[in-house]
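Data first, discussion second: the structure below is written as structure tokens.
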Amino acid sequence: MIKFINVQFNDLSTEIEITDLQSLSKVQSAIKASLTDTFARVDSSQLQLFDKQGKHINEWELLNSLPPEYFVENGTFLAIRIMPTLTPLGEELPKTNNTKSFIDNLSCEYTKDSVRNLISDLEKRVDVTKLSFNAAFTNLCMEYSLDKRVTKYELDGKKNVKLLLGTTGGGKTRTLLELLHSNFGYYFTFRNPDKDFGSKDITSCLIEANCLPSEAEFVIKKMFFTRIVVCRYLIEKGFKEPWQILLAQLHPAAFFGKDIFNGCYLRYSMHPLVDLQSLKPFNIAAIDEVQTSVTCTKDNPLLFGTTYCPFFCPLLTCSRKLFPHLILAGNYIDFDHLYESTISCSIAAEKSISCEILSSLSPLSKSDVEKYATKYLKYHQVPEVEKLVSRIAAFTLCHGRPRFLTAVLEYYLHYKDIDVVIGYFIHALSSIQTWKFSFRYLKADIYGGGPKSGFPYDGMLFQRIFDALLDVIWTGKGMLYETRQNCMRLLKYGLGFARAEGDRLYCIEITELAMVECLRYLYPFACIAKRFPEKIIHSPKPKLTGYLMEYLVAYALVSNYSGVEVANHIKPVRYPAGCCLEYTDSEEICFPTSMCGPDIIYKCSKTKTVYIVQIKFIEGISKQELVNAYDTTDPNLFYRKRHSGDILKLFEKNQSSLIKALINLQKNGYSIQQMLFTHPAGKQTPFTQRAVVLTKETDPDFFTCIGQGVWELLESPLNNLE
208 MIKFINVQFN
218 DLSTEIEITD
228 LQSLSKVQSA
238 IKASLTDTFA
248 RVDSSQLQLF
258 DKQGKHINEW
268 ELLNSLPPEY
278 FVENGTFLAI
288 RIMPTLTPLG
298 EELPKTNNTK
308 SFIDNLSCEY
318 TKDSVRNLIS
328 DLEKRVDVTK
338 LSFNAAFTNL
348 CMEYSLDKRV
358 TKYELDGKKN
368 VKLLLGTTGG
378 GKTRTLLELL
388 HSNFGYYFTF
398 RNPDKDFGSK
408 DITSCLIEAN
418 CLPSEAEFVI
428 KKMFFTRIVV
438 CRYLIEKGFK
448 EPWQILLAQL
458 HPAAFFGKDI
468 FNGCYLRYSM
478 HPLVDLQSLK
488 PFNIAAIDEV
498 QTSVTCTKDN
508 PLLFGTTYCP
518 FFCPLLTCSR
528 KLFPHLILAG
538 NYIDFDHLYE
548 STISCSIAAE
558 KSISCEILSS
568 LSPLSKSDVE
578 KYATKYLKYH
588 QVPEVEKLVS
598 RIAAFTLCHG
608 RPRFLTAVLE
618 YYLHYKDIDV
628 VIGYFIHALS
638 SIQTWKFSFR
648 YLKADIYGGG
658 PKSGFPYDGM
668 LFQRIFDALL
678 DVIWTGKGML
688 YETRQNCMRL
698 LKYGLGFARA
708 EGDRLYCIEI
718 TELAMVECLR
728 YLYPFACIAK
738 RFPEKIIHSP
748 KPKLTGYLME
758 YLVAYALVSN
768 YSGVEVANHI
778 KPVRYPAGCC
788 LEYTDSEEIC
798 FPTSMCGPDI
808 IYKCSKTKTV
818 YIVQIKFIEG
828 ISKQELVNAY
838 DTTDPNLFYR
848 KRHSGDILKL
858 FEKNQSSLIK
868 ALINLQKNGY
878 SIQQMLFTHP
888 AGKQTPFTQR
898 AVVLTKETDP
908 DFFTCIGQGV
918 WELLESPLNN
928 LE
């Protein structure tokens with residue numbers, strides 16, 4: 208049977224027959240023979256193979272054990288990388304008493320020749336008459352109107368390392384882009400290389416450094432060399448504005464027709480004596496998503512000097528020598544390892560690292576949301592801007608980190624229906640594993656399974672997170688004062704915004720309603736209900752009473768019908784209501800999304816009853832009404848648009864599965880009990896006509912399991928509850 212592998216180098220791809228090849232070196236020779244023109248000056252041993260996860264295939268056994276997808280026609284490609292060959296400097300230096308002078312002169316000549324060679328190679332591969340092609344900053348929120356600053360950071364005169372640390376979606380990348388839009392500088396990013404957002408050169412450099420750990424510093428310098436030369440070349444060609452240089456680096460494939468930075472880096476063999484300082488690089492370098500470079504792999508760490516360390520350490524060392532203003536942006540840096548490794552492996556000449564933590568990122572207020580949404584929607588000539596902005600301003604789940612707002616705005620440009628957009632946002636927010644911020648790490652660290660953060664289990668920290676959640680519910684703000692390392696952990700979890708002074712990171716602030724919405728499903732709420740009477744006595748004006756009402760009623764509901772023991776261990780679930788009824792038992796309870804209709808759904812096996820609950824202790828617009836859905840206990844109105852009765856888009860399957868689950872349960876002997884909890888003056892709505900009304904007068908003992916006087920706390924005085 209004939210056997211092939213698929214290989215790819217930059218834009219070139221081909222199939223290599225390996226039927227009779229029994230060693231990796233023969234495969235490398237076959238690749239060179241197939242792509243002779245491309246690899247004419249490269250030794251076959253320099254051709255290194257990597258799978259789609261970036262794993263180095265450096266043995267025949269690894270190649271032979273790859274999945275079948277690599278060996279079928281039009282299958283998955285193995286990426287080819289060229290590893291540099293380095294000539295020891297000692298072999299090139301003459302025996303002379305003035306060696307330093309010789310090196311300086313030689314370095315100058317090699318630098319000039321290297322620049323000429325690189326430019327010559329660039330001009331062969333790029334049509335320089337069409338530079339910039341149709342490249343432009345996109346109209347998405349990340350790049351929209353970069354000349355009009357919306358972030359707060361301003362570059363100061365301090366020549367040090369600046370750490371822009373913040374939770375995912377907090378505005379780090381936008382801060383860097385706005386800065387470089389008006390200041391000459393270099394933008395590097397470890398973002399997803401599959402998209403034309405930044406060059407892949409730094410990712411290629413990381414892979415190459417991991418393959419040749421002892422040459423890490425050299426390959427980093429080679430990356431900087433190609434970036435500096437190409438950017439200077441653009442200026443000579445008339446691209447003399449900082450934003451033009453940023454555009455070329457941000458969208459190189461659109462600007463050059465291909466990612467020329469990565470292409471030059473992979474192809475070029477820079478001489479070790481090249482002097483980067485003589486090229487007069489820009490003063491600013493920004494490295495985004497730097498947390499990717501911080502992890503030190505146990506299997507193949509970098510040997511930098513005499514210390515094993517992550518790629519970040521030589522990257523930091525080389526960057527500091529070149530760029531007076533170095534900004535590193537990310538959501539996590541291991542400070543303990545950072546200080547230990549940098550002091551021992553490099554910056555040894557300085558003996559310490561001078562860094563400053565920037566805390567200019569902050570959540571968007573309602574006013575910020577209104578201003579930005581108005582400007583963005585008007586720019587895109589969207590009709591009825593004021594009406595849309597009013598809906599977005601009232602939808603407080605999307606207030607806070609910029610990514611929430613940008614998601615809503617960009618969804619709207621796609622769907623053209625604000626109800627669909629809000630529903631989609633809530634659906635995405637309710638899915639921890641798929642949403643763009645990193646709550647999946649927190650969930651995995653607490654319960655196991657899924658991708659873990661890499662930190663040891665810390666039950667006390669999880670308890671403090673829970674206490675902060677309570678603080679947000681009661682006061683609108685939760686403050687976690689932690690060690691610097693724990694603060695980094697919380698940022699990786701995606702919890703809130705960092706607060707720092709100098710190089711001291713000391714606090715994470717949680718204010719976003721979306722955080723409460725997500726955290727409520729990660730923590731058991733029994734203790735919230737138990738602490739409710741005590742808390743409300745000392746803090747009579749809780750901020751987020753909607754959540755408190757749901758916790759209180761849910762706990763009492765389970766206690767009354769399944770027993771206090773079950774209530775003490777009840778778990779909230781995030782599944783759609785239909786799945787909840789189909790697969791959960793009495794030890795789980797469902798808080799449906801706002802689009803569904805009810806506030807609580809509970810299937811009790813003890814009473815063979817499905818309880819569908821609405822809570823109306825406070826007059827005003829319900830959370831269902833805010834998303835244009837029914838606040839109802841009637842299954843026929845679930846997932847339907849208010850007034851029109853149409854099924855909400857994107858939720859058709861949810862609606863049908865919920866109705867199907869209720870019908871199946873009725874066939875299996877379950878009854879359905881609709882319930883409306885309210886105060887004595889409360890009234891049924893047209894959408895809860897079949898519900899049994901529960902008040903202090905009808906069920907005075909309903910909350911006895913929690914404590915005496917709970918009805919009174921809920922009902923009097925109502926104006927104390929915001």
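When we follow the working numbering, the leftmost residue of the sequence shown carries the number 208, and every step to the right adds one.
Backbone N, C-alpha and C define an ideal beta-carbon position, used for all residues, glycine too.
In the assembly as shown, Asn-341 is an exposed residue. Its beta-carbon has fewer than 16 other beta-carbons within 10 Å. Excluding sequence positions up to five before and after Phe-216, its CB lies within less than 6 Å of the CB of Ile-287, all in the same chain and listed in chain order. Looking at the backbone, the Cα of Thr-499 and that of Phe-397 are separated by about 7 Å. The C-alpha of Lys-867 lies about 52 Å from the C-alpha of Leu-256.
The C-beta distance from Tyr-472 to Ser-411 rounds to 6 Å, short enough to fall under 8 Å. Between Thr-840 and Ile-854, the gap from beta carbon to beta carbon reaches 9 Å or more.
Using a Cβ distance threshold of 9 Å, Ser-851 and Asp-838 do not count as a contacting pair.
Of Ala-461, Leu-370, Asp-403 and Thr-613, the smallest CA-CA separation from Ala-492 is found for Leu-370. Pairing Ala-651 with Ala-460, the inter-Cα distance amounts to about 37 Å. Sequence-distant Cβ neighbours of Phe-344 in its own chain, meaning closer than 6 Å and more than five residues away, are Glu-350.
Ile-807: not part of any alpha helix (DSSP H); member of the beta strand (DSSP E) spanning 807 to 811, first to last residue. In this structure, the straight-line span from the alpha carbon of Gln-456 to that of Tyr-394 is close to 6 Å.
Taken in chain order, the unbroken stretches of alpha helix (DSSP H) that lie wholly in the segment 560 to 628 and span 4 residues or more are 573 to 586, 592 to 601 and 609 to 622. With 16 or more other Cβ atoms from the protein chains shown falling within 10 Å of its own Cβ, Pro-488 counts as buried.
Note on geometry: alpha-carbon atoms of Thr-613 and Val-723 lie some 20 Å from one another. Closest in alpha carbon position to Leu-921, among Thr-895, Ala-898, Pro-887 and Cys-912, is Pro-887. Using a Cβ distance threshold of 9 Å, Phe-704 and Arg-608 count as a contacting pair. Rounded to whole angstroms, the Cβ separation of Leu-649 and Tyr-700 is 4 Å, and the two are in contact under 8 Å.
Under the criterion of beta carbons closer than 8 Å, Tyr-728 and Pro-799 do not qualify as touching, at roughly 12 Å. With a minimum length of 3 residues, the unbroken runs of beta strand (DSSP E) contained wholly in the segment 746 to 789 fall at 778 to 780. Under the 10 Å beta carbon count, Val-279 is surrounded by fewer than 16 other beta carbons and is classified as exposed. At the C-beta level, Ala-707 and Ile-564 come within 9 Å of one another. Excluding the 5 residues flanking it on each side, Gly-685 has same chain C-beta neighbours closer than 7 Å at Ala-675, Leu-676, Asp-678, Val-679 and Ile-717, in chain order.
Per DSSP, the beta bridge partners of Phe-216 are Leu-219.
Taking a cut-off of 8 Å for Cβ pairs, the segment 900 to 917 and the segment 752 to 767 touch, as three or more such pairs fall below it. Annotation: the continuous beta strand (DSSP E) that includes Asp-495 extends over 491 to 495. Annotation for Ile-534: the continuous beta strand (DSSP E) segment containing it runs 532 to 537. Relative to Lys-239, the option among Lys-337, Gln-253, Leu-387 and Thr-226 whose CA is nearest is Gln-253. Counting the other CB atoms within 10 Å of its CB gives Asn-861 a total of 16 or more, which places it among the buried residues. Annotation: Cys-803 to Ser-769 spans about 24 Å, alpha carbon to alpha carbon. Counting every other CB atom within 10 Å of its CB across the protein chains shown gives Val-426 a total of 16 or more, marking it as buried. The alpha-carbon separation between Phe-646 and Leu-702 amounts to approximately 8 Å. The beta carbon of Gln-235 lies closer than 7 Å to those of Ser-251, Ser-252 and Leu-254 in the same chain, with the five residues before and after it left out.
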